[in-house]
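Per my numbering, the sequence shown starts with residue 1394, numbered consecutively. We treat Cβ as the ideally placed atom computed from N, Cα and C, and that holds for glycine. Have a look at the structure below, then the notes.
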Amino acid sequence: MQQLLDTAEKIRSMEIRGAGRIATAAAKALRDYVEMLETSSFEEFVAKVEKAKSILIETRPTAVSLPNAVMLAGSYDAETVEEARSQILDNATEFIRNADNALDNIGEIGAKRLRDGDTVMTHCNSHAALAIIKTAHKQGKRIKVYATESRPRRQGFITIKELSDAGIDTTLIVDSAVRYTMKNVDTVIVGADSITVNGALVNKIGTSQLALAAHEARVNFISAAETYKFSPSTLFGDLVEIEERDPDEVIPSDKLGDMPDVKISNPAFDVTPSEYIDLIVTEAGAFPPEMAYVIIKEHLGWELKKMG
Ligand code: RUB
1394 MQQLLDTAEK
1404 IRSMEIRGAG
1414 RIATAAAKAL
1424 RDYVEMLETS
1434 SFEEFVAKVE
1444 KAKSILIETR
1454 PTAVSLPNAV
1464 MLAGSYDAET
1474 VEEARSQILD
1484 NATEFIRNAD
1494 NALDNIGEIG
1504 AKRLRDGDTV
1514 MTHCNSHAAL
1524 AIIKTAHKQG
1534 KRIKVYATES
1544 RPRRQGFITI
1554 KELSDAGIDT
1564 TLIVDSAVRY
1574 TMKNVDTVIV
1584 GADSITVNGA
1594 LVNKIGTSQL
1604 ALAAHEARVN
1614 FISAAETYKF
1624 SPSTLFGDLV
1634 EIEERDPDEV
1644 IPSDKLGDMP
1654 DVKISNPAFD
1664 VTPSEYIDLI
1674 VTEAGAFPPE
1684 MAYVIIKEHL
1694 GWELKKMG
């Protein structure tokens, strides 16, 4: 259990971050936990596995990749401990393998939308978005990238390191320079934490500003998202919870000095309506956001069955 708790803490503190990475980390933690789990009855096994799942799911509320990963990796239909254990080990291993392959497919599919000489803007740090840019670069296309800083956690620094290590022409901008810079951009590519049944994109705070500026400037707006970033529960009316993080990430409270009454808001994600999204690139193909229901139905059918 200690290892699983350590992974949960790393996800909560964002030592492990990004919707894809937290999903595979959770699947691995669950797999390792189940592999070593010793119980005296099937009922005890079920109770402990379900507890472990909820610990992982509760670490961060917005990325649906987390519950989807835990549900897909941790599913079983068995009557004995050994049967259930072996099903979970197989399902978790399959989830992790599929998640790795999905990034390659997204890269291949999305790179077709980039032309030699294109300029891309990206936000925060998304492995799926960067898979597209890096694949296009590997294909010999000359791609320039503007990467936003992404305050308050500055994940843009991870992005510029990854892109410049790959030899890609990269420029860092502050978040407030998005609209000013958009006139130089051909395509915006961002990741996804959740995509709702009506095709809205939930992603790092500020994403919707990129989308608005892209719309105004008639610039393509693409989200790169594995199918496990689509949210089945939104089909049943659930809203995606927007994580509100510690105000200290914005400014440490001891730096507020003589302004102790000032409040600080630190929402970590925002929602981009489907009308600002041209394409969602998944490992199963590139779809308009209006097809979100089909993806949920075909790729996450377990949730639909469960809910009857
Ligand atoms: C990260 C973020 C990323 C998505 C997709 O937020 O918003 O765009 O998670 O990332 P945080 P990926 O840093 O708060 O986790 O494509 O790597 O899954």
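First through last residue of the beta strand (DSSP E) which encompasses residue i
{"i": "F1680", "result": "G1678 to F1680"}
{"i": "A1606", "result": "That residue, A1606, is in no beta strand (DSSP E); its alpha helix (DSSP H) goes T1600 to E1609."}
{"i": "K1441", "result": "No beta strand (DSSP E) holds K1441; the alpha helix (DSSP H) holding it covers F1435 to I1450."}
{"i": "S1616", "result": "N1613 to A1617"}
{"i": "T1515", "result": "T1512 to T1515"}
{"i": "D1663", "result": "F1662 to T1665"}
Residue i: CB within 7 angstroms of a non-hydrogen atom of the ligand RUB
{"i": "S1519", "result": "yes"}
{"i": "D1586", "result": "yes"}
{"i": "K1597", "result": "yes"}
{"i": "L1590", "result": "The residue you asked about is not Leu; residue 1590 is Val in the sequence shown. No, the Cβ of V1590 stays beyond 7 angstroms of every heavy atom of the ligand RUB."}
{"i": "G1411", "result": "yes"}
{"i": "M1407", "result": "yes"}
{"i": "Q1548", "result": "yes"}
Own chain partners of residue i with C-beta closer than 6 angstroms, once the 5 adjacent residues on each side are dropped
{"i": "H1692", "result": "T1620"}
{"i": "C1517", "result": "S1543, Q1548 and K1597"}
Chain-order list of residues whose beta-carbon lies under 8 angstroms from that of residue i (same chain, five-residue window excluded)
{"i": "N1484", "result": "L1465, A1466, G1467, S1468 and Y1469"}
{"i": "D1647", "result": "none"}
{"i": "G1694", "result": "none"}
{"i": "T1515", "result": "A1522, L1523, I1526, V1538, Y1539, A1540, T1541, T1552, V1581, I1582 and V1583"}
{"i": "L1398", "result": "I1448"}
{"i": "E1428", "result": "R1478 and L1482"}
Three-state secondary structure (DSSP) of residue i
{"i": "M1700", "result": "With a pLDDT of only 48 at M1700, under the threshold of 50, the placement of this residue in the model should not be trusted; the figure read from the coordinates follows. Coil at M1700, not helix or strand."}
{"i": "V1567", "result": "coil"}
{"i": "T1574", "result": "helix"}
{"i": "N1596", "result": "strand"}
{"i": "T1580", "result": "strand"}
{"i": "L1430", "result": "coil"}
Nearest-angstrom Cβ-Cβ length linking residue i and residue j, presumed shorter than 8 angstroms
{"i": "T1580", "j": "L1507", "result": "7 angstroms"}
{"i": "A1570", "j": "T1665", "result": "Wrong, their Cβ atoms sit about 19 angstroms apart, outside the cutoff."}
{"i": "E1642", "j": "F1662", "result": "Not really, about 14 angstroms apart at Cβ, beyond 8 angstroms."}
Neighbourhood of residue i by C-beta distance below 7 angstroms, restricted to the same chain and skipping five residues each side
{"i": "A1521", "result": "G1413, L1496, I1499, G1584, A1617, A1618 and E1619"}
{"i": "P1682", "result": "G1592, S1667, I1670 and I1673"}
{"i": "M1700", "result": "The predicted position of M1700 is uncertain, since its pLDDT is 48 and thus under 50; a value taken from the coordinates is nonetheless stated next. Answer for M1700: F1629, listed in chain order."}
{"i": "Q1602", "result": "V1571"}
{"i": "V1474", "result": "T1432, F1435 and F1438"}
N- and C-terminal bounds of the alpha helix (DSSP H) containing residue i
{"i": "V1463", "result": "S1458 to A1466"}
8 angstroms Cβ cutoff, residue i in contact with chain D
{"i": "Q1396", "result": "Considering every chain present, this structure includes no chain D. It has just one protein chain."}
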